[in-house]
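Here is the structure we will look at.
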Amino acid sequence: MEQQDYQKIASAIRLSILEMIYNSKSSHIGSAFSIVDLLVCLYFNVMSVNLDDRCAIERDLFILSKGHAATALYATLCQRGYFASKELEKYGESGTKLSGHVIKDCLPGIEVSAGSLGHGLPIAAGMALAAKLDNRRNQVFCLMGDGECNEGSVWEAAIFAGHHQLGNLFAIIDFNNQQGMGRSDEILNLSEMGQAWEGFGWEVQTVDGHNHLEIIKAFANFSTVKPKVLIAKTVKGKGVAWMEDKIEWHYKSPTEDQYQEAKNILTANL
Amino acid sequence: MRNTTINEILQLAKSDPNIILMTADLGYSVMEKFIEELPRQFINVGIAEQNMIGLAAGLALMGKKVIVYTIVPFATMRCFEQIRVDLCYQNLDVKIIGVGGGYAYGTLGTTHYAIEDLAIMRSLPNMKVFAPADAIEAKEIVPLLLSLPGPGYLRLNRGGEINIHPTTQLKLQLGQGIDMTPSAEILLIATGNILQNAVAAIKQLESENIKIQLVSQPFLKPIDRDWLVAKLSGKKYIFTVEEHSVIGGLGSLIAELIAEAGLHVRLKRLGVNDEYFSTIGKQDYMRDLAGISTEKIVEQIKQYV
Numbered sequence: 001m002e003q004q005d006y007q008k009i010a011s012a013i014r015l016s017i018l019e020m021i022y023n024s025k026s027s028h029i030g031s032a033f034s035i036v037d038l039l040v041c042l043y044f045n046v047m048s049v050n051l052d053d054r055c056a057i058e059r060d061l062f063i064l065s066k067g068h069a070a071t072a073l074y075a076t077l078c079q080r081g082y083f084a085s086k087e088l089e090k091y092g093e094s095g096t097k098l099s100g101h102v103i104k105d106c107l108p109g110i111e112v113s114a115g116s117l118g119h120g121l122p123i124a125a126g127m128a129l130a131a132k133l134d135n136r137r138n139q140v141f142c143l144m145g146d147g148e149c150n151e152g153s154v155w156e157a158a159i160f161a162g163h164h165q166l167g168n169l170f171a172i173i174d175f176n177n178q179q180g181m182g183r184s185d186e187i188l189n190l191s192e193m194g195q196a197w198e199g200f201g202w203e204v205q206t207v208d209g210h211n212h213l214e215i216i217k218a219f220a221n222f223s224t225v226k227p228k229v230l231i232a233k234t235v236k237g238k239g240v241a242w243m244e245d246k247i248e249w250h251y252k253s254p255t256e257d258q259y260q261e262a263k264n265i266l267t268a269n270l
Numbered sequence: 001m002r003n004t005t006i007n008e009i010l011q012l013a014k015s016d017p018n019i020i021l022m023t024a025d026l027g028y029s030v031m032e033k034f035i036e037e038l039p040r041q042f043i044n045v046g047i048a049e050q051n052m053i054g055l056a057a058g059l060a061l062m063g064k065k066v067i068v069y070t071i072v073p074f075a076t077m078r079c080f081e082q083i084r085v086d087l088c089y090q091n092l093d094v095k096i097i098g099v100g101g102g103y104a105y106g107t108l109g110t111t112h113y114a115i116e117d118l119a120i121m122r123s124l125p126n127m128k129v130f131a132p133a134d135a136i137e138a139k140e141i142v143p144l145l146l147s148l149p150g151p152g153y154l155r156l157n158r159g160g161e162i163n164i165h166p167t168t169q170l171k172l173q174l175g176q177g178i179d180m181t182p183s184a185e186i187l188l189i190a191t192g193n194i195l196q197n198a199v200a201a202i203k204q205l206e207s208e209n210i211k212i213q214l215v216s217q218p219f220l221k222p223i224d225r226d227w228l229v230a231k232l233s234g235k236k237y238i239f240t241v242e243e244h245s246v247i248g249g250l251g252s253l254i255a256e257l258i259a260e261a262g263l264h265v266r267l268k269r270l271g272v273n274d275e276y277f278s279t280i281g282k283q284d285y286m287r288d289l290a291g292i293s294t295e296k297i298v299e300q301i302k303q304y305v
C-alpha cells in the first residue's frame, strides 16, 4: 500500500471515532486521533492478523495501555474487518460493553482491559515472557502515552523486559507532549526518554507518528534481540486542524456545528 | 507454614509445567529447593510488585497458572490496583501468597505488619481469601486454592509455627470452618495463626469452668453461609479473634452474617482496634498490645460472659 492508501484508511477511522464520540457526547477524541496512524500501521502492515483464526495460539497481540483512546481501537478493528460497523453504534450505550476504556473481549480483538495508566506494559511483558518460555512466535505490542510514562510501573516493566531480553516485545509511545493538565514537558519532562529506554536495554527508534511509511520502515529496521520501543512524535487531535495540539480535546465533545465541520474535513480526505 | 506451602506448590508444579512461581525478591532460604528442582518455572522479578502482578496477568492470559509470593503488605497493598484491575477485573488465574500475616514480622515494625489485608482482599470481586492457622491447614488449603479458577489470596503467618491441630488428617470443605471442640453456648471463631492463642485461651477458661466452643475459619471468601449461620445460631455469646483490624476481616464477616440472618446474639470482635502502634515488639508482645494474646483473649471473654 502507498502512503495515500494508509491515509484514507486513517481518515475513515477518524470519521468513525468522531461519530462515536459525538453520538455518545463523550471525551478523549484528541487522544484517539493521536494514535490512529500508529494503529493503521500496526493492523494493516506490521502485525500479523489472521481474521479466519483470530484466537490462533501464535497470533500477534496488541494491548492498548492508554485505554482512554478506546474509540481509536474499536474503529481500527472494525475497519480491519474484525466485526461489522453496526457494533460501533453501541459505543457508550448503557448495557453494552463498549466502554470509554477498553474491556477485555468486549469486541473481537480486544485482548486486555485497560483504563488505569501504567498497567499495559507489565502485562505485555508477561505475555512476551510466556511466549518466550514456550518457544512460541507471538509478538506483543503495547501502546502507551507519553504522560502515561510518569507511572513507575512502566519503568518496572521496562527494566524487567530489558534484563530478560524480551525481543518479542514492542512498546509504542504516543508522544504528543500533552497530558491531563497541560504540556508533558512542563509537567514532568520526559523528552529525552529514549536514553532511559536505551539504558534499560531496549532498542529505540524515534519517528513521525503520523507518517505511515516511516513508522512501517522503523518496525522493519528493528534488528536486535532486545525489546523494542518506538517513540512516535504525534499531535493530539491530529486530523482536524483546529483540534490539533489542544488539551481541551482531551475533555470536550464536539458541538453539532463542530461535528459537521470535522466531518467535512475528514470526509474530504477519504 | 511457609515451607509447607512452597513444598506443596513444588509438588503440584512438578506435574504441571504451566505453573510459574514468582517472587519480588523475597523468599531467601524458602525458595531454594523449588529453584533447584524447577528453575524454568521460577522467576524473581526484582523488587517491583506492581510489575510482578502485571507480569502474572500477562502470563495467565497466555495460559500459565501463576503464583506470586512476597511479604503481605508488598503483596497486597503496594500493588493493590494491579490486583484489582489486572487480576480481579479480568478474573485471571493468579494466586497471591502473602507471608507475615498480622504481626509475624515482629520487630521489623509497622511497614512489615499486615492488619488490613483481609479487609481489602475481601472487598475485591472474584478474589478468594484464605488464612490457614498452621502448616496442617496450609497443606490442605494450598492444593484447594490452586484448584479454584480466578484470583486468590493466601495469608500465611511466617515459618516455624507449632502445629495447632492434633491431627494431620483434616477434612476441609470449601467455605466451612473446622470444629476444634464440641458445641457450647459461647462460640469463639478464629482465623489464621491466632488460633494458637484461641486454643490456649479456651483451655484456661475451661479450667475456670467456662466452656467455649472453638471453630477455626480459614476461609474468609468464599464462605459456606448456611454452614456458618447454623454454627452461629442458638448461641448466647459469639467472639471472633483475628490478628487483623477489627474492621473488614473475620469479625466484620461474622457481624454481617449475624445481622443478615436476624440472629439475636451478642458479638464481640477481638482484633486490632483501628490503630497503628508506635512501639514494636516480638509477635507475642504485639498480640498482647492488640488485646489478642492468650491472656487478653481470656480477659476479654470473661468481661462479657
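Line order of the protein sequences matches chains A and B.
Note that our numbering has the first sequence beginning at 1, numbered continuously upward.
Note that our numbering has the second sequence beginning at 1, numbered continuously upward.
The beta-carbon is built from N, C-alpha and C at its ideal position, and this holds for glycine as well.
Within the model, the alpha-carbon separation for Ser184 of chain A versus Gly147 of chain A is close to 6 Å.
For the stretch 114 to 132 of chain A, the set of residues with a beta-carbon nearer than 9 Å to any beta-carbon of chain B comprises Ala114, Gly115, Ser116, Gly118, His119, Gly120, Leu121, Pro122, Ile123, Ala124, Ala125, Gly126, Met127, Ala128, Leu129, Ala130 and Ala131, in chain order. With respect to His212 of chain A, Cys41 of chain A sits close: the two C-beta atoms are nearer than 8 Å. Remark: three or more beta-carbon pairs, one from each stretch, lie closer than 8 Å, so the stretch 145 to 160 of chain B and the stretch 80 to 98 of chain B are flagged as touching. Of all residues in the stretch 53 to 77 of chain B, those with a C-beta nearer than 9 Å to a C-beta of chain A are Ile53, Gly54, Leu55, Ala56, Ala57, Gly58, Leu59, Ala60, Leu61, Met62, Gly63, Lys64 and Val66, reading in chain order. By the Cβ test, the stretch 259 to 266 of chain A is not in contact with the stretch 190 to 200 of chain A, since fewer than three Cβ pairs between them sit closer than 8 Å. Interface annotation, Asp179 of chain B: not in contact with chain A, CB-CB separation never under 8 Å.
If you check the CB distance, Asp174 of chain A and Thr76 of chain A do not come in under 8 Å.
Near chain A, meaning a CB-to-CB distance below 7 Å, the residues of the stretch 80 to 98 of chain B are Glu81, Gln82, Val85, Asp86, Tyr89 and Gln90. With fewer than 16 other Cβ atoms inside 10 Å of its own Cβ, Ile57 of chain A counts as exposed. One Cα belongs to Met31 of chain B, the other to Ile6 of chain B, and the distance between them is close to 7 Å. Ser85 of chain A is classed as exposed because its beta carbon has fewer than 16 other beta carbons within 10 Å across all chains shown. Only residues of its own chain outside the window of five on either side were considered, and among them Phe219, Pro222, Ile223 and Asp224 have a CB closer than 6 Å to the CB of Gly175 of chain B, listed in chain order.
Using a Cβ-Cβ cut-off of 8 Å, Glu58 of chain A does not count as an interface residue toward chain B, since no Cβ of chain B sits closer than that to its own. Within the stretch 176 to 249 of chain B, complete alpha helix (DSSP H) segments of at least 4 residues are found at 195 to 207 and 225 to 232, given in chain order.
When B:Arg158, B:Lys211 and B:Trp227 are compared, the shortest CA-CA separation from Asn193 of chain B is found for B:Arg158.
The alpha-carbon separation between Leu107 of chain A and Arg14 of chain A amounts to approximately 19 Å. For Val85 of chain B, the secondary structure class from DSSP, reduced to helix, strand or coil, is helix. Linking Ala69 of chain A to Ser15 of chain B through their CA atoms gives a straight-line distance of about 43 Å.
The alpha carbon of Asp226 of chain B has as its nearest neighbour, out of B:Glu242, B:Val241, B:Ile254 and B:Ile202, the alpha carbon of B:Ile254.
Per the coordinates, the alpha-carbon of Val49 of chain A lies some 22 Å from the alpha-carbon of Ala232 of chain A. Closest by C-alpha distance to Glu256 of chain B, out of B:Val229, B:Glu242 and B:Gly234, is B:Val229. Assignment of alpha helix (DSSP H) within the stretch 28 to 63 of chain A, counting only whole runs of 4 or more residues, yields 29 to 41 in chain order. Phe160 of chain A reaches chain B at Val45, Gly46, Ala48, Asn51 and Leu55, counting residues in chain order whose Cβ is nearer than 8 Å. Fewer than three beta-carbon pairs drawn from the stretch 137 to 144 of chain A and the stretch 99 to 116 of chain B are found closer than 8 Å, and the two stretches are therefore not classed as touching. Residue state for Tyr22 of chain A is assigned as helix, using DSSP reduced to three classes. Membership of Gln303 of chain B in the alpha helix (DSSP H) is indicated by the continuous run Thr294 to Tyr304. Interface annotation, Ser65 of chain A: not in contact with chain B, CB-CB separation never under 8 Å.
Secondary structure at Gln205 of chain A: strand, using DSSP grouped into helix, strand and coil. Gly152, Ser153, Glu156, Ala157 and Ile159: these are the residues of the stretch 144 to 159 of chain A whose beta carbon lies less than 8 Å from some beta carbon of chain B, given in chain order. Residue pairing of Phe175 of chain A in beta bridges, as defined by DSSP: A:Lys233.
Comparing alpha carbon positions, the residue from A:Ala12, A:Glu111, A:Asp52 and A:Leu51 closest to Val36 of chain A is A:Ala12. Listed as beta-bridge partners of Phe141 of chain A by DSSP are A:Phe62 and A:Phe170. DSSP links Asn135 of chain A through a beta bridge to no other residue.
Under the Cβ distance rule, Lys104 of chain A counts among the residues neighbouring chain B, one pair being separated by less than 8 Å. Judged by beta-carbon spacing, Ala130 of chain A lies beyond the 8 Å limit of Lys211 of chain B, meaning their Cβ atoms are not closer than that value.
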